[in-house]
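Colleague: Below: one structure in structure tokens.
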Amino acid sequence: IHNIDNWYFLQPDRLLVEIGFVFLAFLPFLMVKELKPLLSIKWTKKNVLFLALGIIIPVIIFTSQQWEEIGDIRSNNLLQYVPIWFATGMVIGIGQELTFRGLIFTGINQKYGQKWAVIISTLCFVFGTIHSPRMYAYFINGYISEALLLLFIFILTGLFFAWLRVRTKNVMIPALAHG
213 IHNIDNWYFL
223 QPDRLLVEIG
233 FVFLAFLPFL
243 MVKELKPLLS
253 IKWTKKNVLF
263 LALGIIIPVI
273 IFTSQQWEEI
283 GDIRSNNLLQ
293 YVPIWFATGM
303 VIGIGQELTF
313 RGLIFTGINQ
323 KYGQKWAVII
333 STLCFVFGTI
343 HSPRMYAYFI
353 NGYISEALLL
363 LFIFILTGLF
373 FAWLRVRTKN
383 VMIPALAHG
């Protein structure tokens, strides 16, 4: 898990797959009239503050969570790959937020209310994406405390992105913050 052969370091082709996913995730927002307003950002002071917090807090969490991998990057002369990893991370974050805080949150919110939308979209975020295989890999390899820490971090970040979605009434601010 903690070496340069980690799946995280072997992903250049993954960027194209993720761009395709984001394109597909955008389609409902372009085709369904009720979803279109979720894409436009009102640049109020509050939304700029939320976006800034949404970028700073995940960077701190991600850096603390990935500290060992960051060390691997530096010690194995992999810095040339950082731009593609950054681009892939941006695309993945946008695609996940369009899906979880956009489509899933919106649909559940309309049918069952905000509380259930927050809970279900957060659970889908934690267990339905790239996060659960990673937690599982840690767990089966004996890294129980790391798996539990990831679970805690993913739940908190999922709740944070849902909070951004609720506060801004917009899906792009959590998407940009996540990216």
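When you line the sequence shown up against my numbering, it's residues 213 to 391, in that order. A virtual CB, placed ideally from N, CA and C, is assigned to each residue, including glycine.
Do V383 and G314 have their beta-carbon atoms positioned less than 7 Å apart in this structure?
Modeller: Result yes, Cβ atoms of G314 and V383 sit closer than 7 Å.
Colleague: When the Cβ atoms of the region 228-236 are set against those of the region 346-357, are three or more pairs found closer than 8 Å?
Modeller: No, because fewer than three Cβ pairs between the region 228-236 and the region 346-357 fall closer than 8 Å, the two stretches do not touch.
Colleague: Smallest Cα separation from K381: which of K245, F238, F235 and L251?
Modeller: For K381, the nearest C-alpha among the options comes from L251.
Colleague: Please confirm whether F444 and H343 have their CB atoms less than 7 Å apart.
Modeller: Residue 444 is absent from the structure shown; the chain starts at 213 and stops at 391.
Colleague: Tell me which residue opens and which closes the alpha helix (DSSP H) that N353 is part of.
Modeller: Unbroken run through N353: none, as it is neither H nor E.
Colleague: Give the secondary structure of E246 by DSSP, where H, G and I count as helix, E and B as strand, and everything else as coil.
Modeller: It is coil, neither helix nor strand.
Colleague: Could you tell me if G325 is buried or exposed, where buried requires 16 or more neighbouring beta carbons within 10 angstroms of its beta carbon?
Modeller: So G325 counts as exposed.
Colleague: Going by the CB atoms, is the gap between L371 and I385 shorter than 7 Å?
Modeller: No; because the gap between Cβ atoms is not below 7 Å, this pair is not in contact.
Colleague: State the Cα-Cα distance for the pair A237 and I332, rounded to the nearest angstrom.
Modeller: Straight-line Cα distance between these residues: approximately 18 Å.
Colleague: Keeping to the same chain, check which residues put their C-beta closer than 7 Å to that of G307; ignore five residues upstream and five downstream.
Modeller: Cβ neighbours of G307 beyond the five flanking positions: E230, F233, V234 and A237.
Colleague: Reducing DSSP to helix, strand and coil, say where H214 ends up.
Modeller: With a pLDDT of only 49 at H214, under 50, the local geometry of the prediction cannot be trusted, and the value read off the model is given with reservation. It is coil, neither helix nor strand.
Colleague: Cα separation between L291 and I285?
Modeller: Taking the straight line from one Cα to the other gives about 6 Å.
Colleague: Suppose contacts are defined by Cβ-Cβ distances below 7 Å. Is L263 in contact with A387 by that definition?
Modeller: Contact flag unset, no.
Colleague: For I268, count neighbouring C-beta atoms within 10 Å of its own C-beta (all shown protein chains included) and say buried if the count is 16 or more, exposed if not.
Modeller: Counting Cβ neighbours within 10 Å, I268 comes out exposed, since fewer than 16 surround it.
Colleague: Could you check if V330 is buried or exposed, using at least 16 other CB atoms within 10 Å of its CB as the buried criterion?
Modeller: Label assigned to V330: buried.
Colleague: Closest to G391 by CA distance: which of K245, F298 and L362 is it?
Modeller: Cα-wise, what sits closest to G391 is F298.
Colleague: Our contact map puts R346 next to L362 with C-beta atoms below 8 Å; I'd like the distance itself, whole angstroms only.
Modeller: R346 to L362, Cβ: 7 Å. Contact.
Colleague: If we ignore side chains and look at the alpha-carbon of each, how far apart do M243 and T256 end up?
Modeller: Roughly 27 Å between the two C-alpha positions.
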